[in-house]
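Chemist: Protein chains in written order, with my numbering: chain A, 2 to 415; chain B, 2 to 415. Glycine is no exception: its CB is placed at the ideal position from the N, C-alpha and C atoms.
2 protein chains.
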Amino acid sequence: MSQQAKDVRDGPPGALEGVRVLDFSHALAGPYSTMILADMGADILKVEHPGGGDRTRRYTDGDENFSPYFSSVNRGKNSLVLDIKQPAGRELAHRLVQQADVVVQNMGPGVAERVGLGYEELSALNPRLIYAVVTGFGRDGPWADRVGVDPLIQALSGSMSIVGEPGGSPLRVGYSVVDLVGGLYLAVGMLGALNERHTSGKGQLLDISLMEAQMALMENAVVRYLATGKVPQPVGSAHPYQTLTRAYEAQDGWVMATLSVRNFRAACEVWGHREWLADADLQARPETRTEELVPELQKIFRTQTRQYWIDKLVPVGVKCMPVNTIAEALETPPIVERGFIQHTEDANGRKLRIAGSPLRLSRTPGRVRKAAPVLGEHNRSSLREWLGMGDEEYARYEAQGIFKQVDPKIRGFW
Amino acid sequence: MSQQAKDVRDGPPGALEGVRVLDFSHALAGPYSTMILADMGADILKVEHPGGGDRTRRYTDGDENFSPYFSSVNRGKNSLVLDIKQPAGRELAHRLVQQADVVVQNMGPGVAERVGLGYEELSALNPRLIYAVVTGFGRDGPWADRVGVDPLIQALSGSMSIVGEPGGSPLRVGYSVVDLVGGLYLAVGMLGALNERHTSGKGQLLDISLMEAQMALMENAVVRYLATGKVPQPVGSAHPYQTLTRAYEAQDGWVMATLSVRNFRAACEVWGHREWLADADLQARPETRTEELVPELQKIFRTQTRQYWIDKLVPVGVKCMPVNTIAEALETPPIVERGFIQHTEDANGRKLRIAGSPLRLSRTPGRVRKAAPVLGEHNRSSLREWLGMGDEEYARYEAQGIFKQVDPKIRGFW
Numbered sequence: 002m003s004q005q006a007k008d009v010r011d012g013p014p015g016a017l018e019g020v021r022v023l024d025f026s027h028a029l030a031g032p033y034s035t036m037i038l039a040d041m042g043a044d045i046l047k048v049e050h051p052g053g054g055d056r057t058r059r060y061t062d063g064d065e066n067f068s069p070y071f072s073s074v075n076r077g078k079n080s081l082v083l084d085i086k087q088p089a090g091r092e093l094a095h096r097l098v099q100q101a102d103v104v105v106q107n108m109g110p111g112v113a114e115r116v117g118l119g120y121e122e123l124s125a126l127n128p129r130l131i132y133a134v135v136t137g138f139g140r141d142g143p144w145a146d147r148v149g150v151d152p153l154i155q156a157l158s159g160s161m162s163i164v165g166e167p168g169g170s171p172l173r174v175g176y177s178v179v180d181l182v183g184g185l186y187l188a189v190g191m192l193g194a195l196n197e198r199h200t201s202g203k204g205q206l207l208d209i210s211l212m213e214a215q216m217a218l219m220e221n222a223v224v225r226y227l228a229t230g231k232v233p234q235p236v237g238s239a240h241p242y243q244t245l246t247r248a249y250e251a252q253d254g255w256v257m258a259t260l261s262v263r264n265f266r267a268a269c270e271v272w273g274h275r276e277w278l279a280d281a282d283l284q285a286r287p288e289t290r291t292e293e294l295v296p297e298l299q300k301i302f303r304t305q306t307r308q309y310w311i312d313k314l315v316p317v318g319v320k321c322m323p324v325n326t327i328a329e330a331l332e333t334p335p336i337v338e339r340g341f342i343q344h345t346e347d348a349n350g351r352k353l354r355i356a357g358s359p360l361r362l363s364r365t366p367g368r369v370r371k372a373a374p375v376l377g378e379h380n381r382s383s384l385r386e387w388l389g390m391g392d393e394e395y396a397r398y399e400a401q402g403i404f405k406q407v408d409p410k411i412r413g414f415w
Numbered sequence: 002m003s004q005q006a007k008d009v010r011d012g013p014p015g016a017l018e019g020v021r022v023l024d025f026s027h028a029l030a031g032p033y034s035t036m037i038l039a040d041m042g043a044d045i046l047k048v049e050h051p052g053g054g055d056r057t058r059r060y061t062d063g064d065e066n067f068s069p070y071f072s073s074v075n076r077g078k079n080s081l082v083l084d085i086k087q088p089a090g091r092e093l094a095h096r097l098v099q100q101a102d103v104v105v106q107n108m109g110p111g112v113a114e115r116v117g118l119g120y121e122e123l124s125a126l127n128p129r130l131i132y133a134v135v136t137g138f139g140r141d142g143p144w145a146d147r148v149g150v151d152p153l154i155q156a157l158s159g160s161m162s163i164v165g166e167p168g169g170s171p172l173r174v175g176y177s178v179v180d181l182v183g184g185l186y187l188a189v190g191m192l193g194a195l196n197e198r199h200t201s202g203k204g205q206l207l208d209i210s211l212m213e214a215q216m217a218l219m220e221n222a223v224v225r226y227l228a229t230g231k232v233p234q235p236v237g238s239a240h241p242y243q244t245l246t247r248a249y250e251a252q253d254g255w256v257m258a259t260l261s262v263r264n265f266r267a268a269c270e271v272w273g274h275r276e277w278l279a280d281a282d283l284q285a286r287p288e289t290r291t292e293e294l295v296p297e298l299q300k301i302f303r304t305q306t307r308q309y310w311i312d313k314l315v316p317v318g319v320k321c322m323p324v325n326t327i328a329e330a331l332e333t334p335p336i337v338e339r340g341f342i343q344h345t346e347d348a349n350g351r352k353l354r355i356a357g358s359p360l361r362l363s364r365t366p367g368r369v370r371k372a373a374p375v376l377g378e379h380n381r382s383s384l385r386e387w388l389g390m391g392d393e394e395y396a397r398y399e400a401q402g403i404f405k406q407v408d409p410k411i412r413g414f415w
């Protein structure tokens, strides 16, 4: 069921058809939020600086001229290279702002204001504009001038302190959970504001702090600490409430088994430990005996394969699933048969398979609409679509050098 | 700046003022999505079954009659106890559906249809209805009848295979990332559909698979594998691209340091290893020497405190942050001074501090509007508000036993 979506006009419309987003963000949180909006059919104009554009274009994996990282997160968007530091570039940016529903940026502290793209200035140009900023610690407040990137906030927020083996080293989640969840909250905030604008006719400022978004994700660890004073600790592969629910190592890999007081009795039979049934306390509250049980169970699980345990335990009410690699996960029936992986081909003919959209809306499904843009691919077409700009006017702007790409090694853009 | 928000009418309005959500979901993904909508001012009517309601009401931490878990995720909502299996209960549910903008449910496979709350039936009653379902593996497809809860999907999706020490055991993220991200995608989908309805006037079905939402979160691991064929591995505390960016253990705890080719030279001076500056290859591509460098750096970091390294390295361009506990994270200036932690007090006088909303919209800020409901707290008031139901009519329904609470140990509700 996978599809090759070269053109935004193929297939059903999206829920955000007609919504125009001017996207000055780079790296991950901002681009992930506009990826979500693009999958829902919004028109995303990614404004990139002349020095190579979004730096994740240079996060290559083997092929030096192609970034799977960039191409996954920026599918379905249009790219405009624009030097906003030149007066003509700024003027053009302001013309685009007047046509935009949403502006997104994650520039450093004070940069947007310096280049003429601050909230006050843009909302005066377009009072219906929703202006979204994502920063490490918030647009105001005591750390407004500090940079907070994903690894730093995984550390600072306490996430690393509750990911790991009990007593072991603190660990980063193996994906950029801070940036991605920040991107999801950005999308939620922008959509909430768009919804509100239908009534009020007014735009507003959205100020997302990655630190706050991450702490909102960890709301349970936060409330457990604030309610009990006990500092949450890493729990390995276990669930913090159902402590026997964890990964057990079988002969050929790991299985996750959800064990609770409800299914423990039946599992004892499968494990060949009927004598445990005689222990009334163990039957009533098996979780209180986690420390002594886990090494015993680990021994039992090692005697057979993953599939053996799944076949024996699932029928008696113990839900079990293999601990898959990413490769194995992509081969599972629900991923394969619902056509979750999508194919793209960009303007240079580079083909790629990427994760699709989970936003399965019946009339306006989220979907990958086309490949990520080559740098500057849509300079002419987007200016024509957004501003009705003809070739002559385009040539006049071009002559001022505001579309000209320069060496990515030159720093100091945004 | 913390606030006691006993009443939804205190403070500025939300972006979703006037949006009515009938919420049949329990546990985490569904409730997290409606928590986000409640923080944005939507009117959430949480319909709970008579056998104790949402089972997370019984996830207590010390105090047997109070669940911080439930109270954090269900703040700002109203609770209606309703036996939808009785004809009068079902009829009342249908009357509420006719007033709703959104219905959310995460009932088991086929349950909603059996109790008269399936999509076809409800959308016929209310064509403007947005009907959101969250399941483990999708509402259709090969695993539509399987239960997929957070720990199982952390295993199956490959998340556990990339969280952990290299060569170590697979680990669960220490919070229910699958459910929470599923909840965020639910919120995004519902908001997208609400936005689209302003134009079309029509509702639709939203079908969120937790498995797909989690794979969409891990899009980078997915694309890296699909582009290169290399199966992503756990990387401990390191960033998969910037492999020297990781946590290092100091005398009194861990620090996260973001090391790259840009700041490595300056860091060598701080570490007292000027001889490394003479190694041209090390200077040009320090990341390729990660394996030999990390043990050396680990030795160096252990000689001083966290604060020492932060004070020395930050000025030379190496961003560093302490690896905090949850307790320490809550004391950081951006969390304290932006008033992120909110206070609530419920109808039983239970006070609680919980994580607030990161949805800082300037005119319609997301915020905790009131405490989580006591079970059935809003039976009378919500039926009055949604249906204009007077005392006499309420009494007639009540006489049929559809509001009567029963022992939570009785199973088989939904």
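Rounding to the nearest angstrom, what Cα-Cα distance links residue 135(A) and residue 366(B) in this structure?
Modeler: Straight through space, the alpha carbons of residue 366(B) and residue 135(A) are spaced by roughly 15 Å.
Chemist: Output the distance between the C-alpha atoms of residue 225(B) and residue 345(A), rounded to the nearest integer angstrom.
Modeler: 15 Å
Chemist: Do you know how far the Cα of residue 209(A) is from the Cα of residue 354(B)?
Modeler: 21 Å
Chemist: Can you give the Cα-Cα distance for residue 271(A) and residue 287(A), rounded to whole angstroms?
Modeler: Spanning the two alpha carbons is a distance of roughly 16 Å.
Chemist: According to DSSP, which residues form a beta bridge with residue 255(A)?
Modeler: 250(A)
Chemist: What are the complete alpha helix (DSSP H) segments, minimum 4 residues, inside the region 87-175 of chain B?
Modeler: DSSP runs (the alpha helix (DSSP H)) wholly in the region 87-175 of chain B: 88-100, 112-115, 120-126 and 151-157.
Chemist: Could you tell me which chain B residues have their CB closer than 8 Å to the CB of residue 320(A), listed as they occur along the chain?
Modeler: Correct list: 148, 150 and 153.
Chemist: In whole angstroms, what separates the C-alpha of residue 384(B) from that of residue 351(B)?
Modeler: 25 Å
Chemist: Anyone know if the C-beta pair for residue 28(A) and residue 359(B) falls short of 7 Å?
Modeler: No. Outside cutoff.
Chemist: Between residue 129(A) and residue 341(B), what straight-line distance do the alpha-carbon atoms span, to the nearest angstrom?
Modeler: 28 Å
Chemist: Flag this pair as touching only if the region 141-150 of chain A and the region 187-198 of chain B have three or more C-beta atom pairs under 8 Å; answer yes or no.
Modeler: Because the criterion of three Cβ pairs below 8 Å is not met, the region 141-150 of chain A and the region 187-198 of chain B do not touch.
Chemist: Quick test of your reading: residue 74(B) and residue 23(B), contact by CB under 8 Å. State the CB separation rounded to the nearest angstrom.
Modeler: Not confirmed; about 17 Å, so no contact.
Chemist: Kindly give me the distance between the Cβ atoms of residue 159(A) and residue 326(B), rounded to whole angstroms, as I take these residues to be in contact under 8 Å.
Modeler: 6 Å
Chemist: By the 8 Å beta-carbon criterion, what residues does the region 333-364 of chain A contribute toward chain B?
Modeler: 333, 334, 335, 336, 338, 339, 341, 342, 353, 354, 355, 356, 357, 358, 359, 360, 361, 362, 363 and 364
Chemist: Please state whether DSSP places residue 180(B) in a helix, a strand or coil.
Modeler: helix
Chemist: Quick one: which residues of the region 96-116 of chain B get their C-beta closer than 7 Å to a C-beta of chain A? List them in chain order.
Modeler: none
Chemist: On a CA-only basis, which of 122(B), 289(B), 243(B) and 45(B) is nearest residue 257(B)? Give me that one, please.
Modeler: Looking at the Cα atoms, 243(B) is the closest of the given residues.
Chemist: Check distances from the C-beta atoms of the region 171-189 of chain B to those of chain A and list, in chain order, the residues that come in under 9 Å.
Modeler: 171, 172, 173, 174, 175, 176, 177, 178, 181, 182, 183, 185, 186, 188 and 189
Chemist: Which ranges would you report for the alpha helix (DSSP H) in the region 288-317 of chain B if only whole runs of at least 4 residues count?
Modeler: 291-302 and 307-314
Chemist: Taking its Cβ as the centre, do 16 or more other Cβ atoms sit within 10 Å of residue 199(B), making it buried, or is it exposed?
Modeler: Residue burial annotation: residue 199(B) is exposed, with fewer than 16 other C-beta atoms found within 10 angstroms of its C-beta.
Chemist: Could you compute how far the alpha carbon of residue 212(A) sits from the alpha carbon of residue 395(B)?
Modeler: Their backbone Cα atoms lie some 46 Å apart in a straight line.
Chemist: Which of helix, strand or coil does DSSP assign to residue 370(B)?
Modeler: coil
Chemist: Using a Cβ-Cβ cut-off of less than 9 Å, give me the residues of the region 73-85 of chain B that come near chain A, in sequence order.
Modeler: 73 and 74
Chemist: Near residue 7(B), what residues of its chain come up, given a Cβ to Cβ distance below 7 Å and the 5 sequence neighbours on each side ignored?
Modeler: Because residue 7(B) carries a pLDDT of 47, less than 50, the predicted location of this residue cannot be relied on, and the following value inherits that uncertainty. Excluding sequence neighbours, residue 7(B) sits near 346 and 371.
Chemist: For residue 334(A) and residue 233(A), what's the separation of their Cα atoms in angstroms?
Modeler: 36 Å
Chemist: If we call anything under 7 Å between Cβ atoms a contact, is residue 222(A) one with residue 163(A)?
Modeler: Cβ atoms of residue 222(A) and residue 163(A): closer than 7 Å.
Chemist: At a CB-CB cut-off below 8 Å, which residues of chain A make contact with residue 205(B)?
Modeler: 362, 363, 364 and 365
Chemist: Please report whether the beta-carbon of residue 240(B) lies at a distance below 7 Å from any beta-carbon of chain A.
Modeler: yes
Chemist: Compare the C-alpha of residue 401(B) against each of 170(B), 276(B), 90(B) and 300(B) and name the closest.
Modeler: 90(B)
Chemist: Is there a Cβ of chain A sitting closer than 7 Å to that of residue 398(B), yes or no?
Modeler: no
Chemist: Give a yes or no on whether the minimum CB-CB distance between residue 10(A) and chain B is below 7 Å.
Modeler: Note that residue 10(A) scores a pLDDT of 49, beneath 50, so its modelled location is shaky; the value from the coordinates is reported in the next line. Interface criterion not met: the Cβ of residue 10(A) is under 7 Å from no Cβ in chain B.
Chemist: Given this structure, state the Cα-to-Cα distance separating residue 399(B) from residue 405(B), to the nearest angstrom.
Modeler: 8 Å
Chemist: DSSP puts residue 321(A) in a beta bridge; with which residues?
Modeler: 258(A)
Chemist: With a threshold of 6 Å, establish whether the CB of residue 136(A) neighbours any heavy atom of the ligand MN.
Modeler: The model on display carries no ligand, and the ligand MN is accordingly not part of it.
Chemist: What residues from chain A crowd round residue 208(B), counting only those whose CB sits closer than 7 Å?
Modeler: 361
Chemist: Strictly under 7 Å for the Cβ-Cβ distance: is residue 222(A) near chain B by that measure?
Modeler: yes
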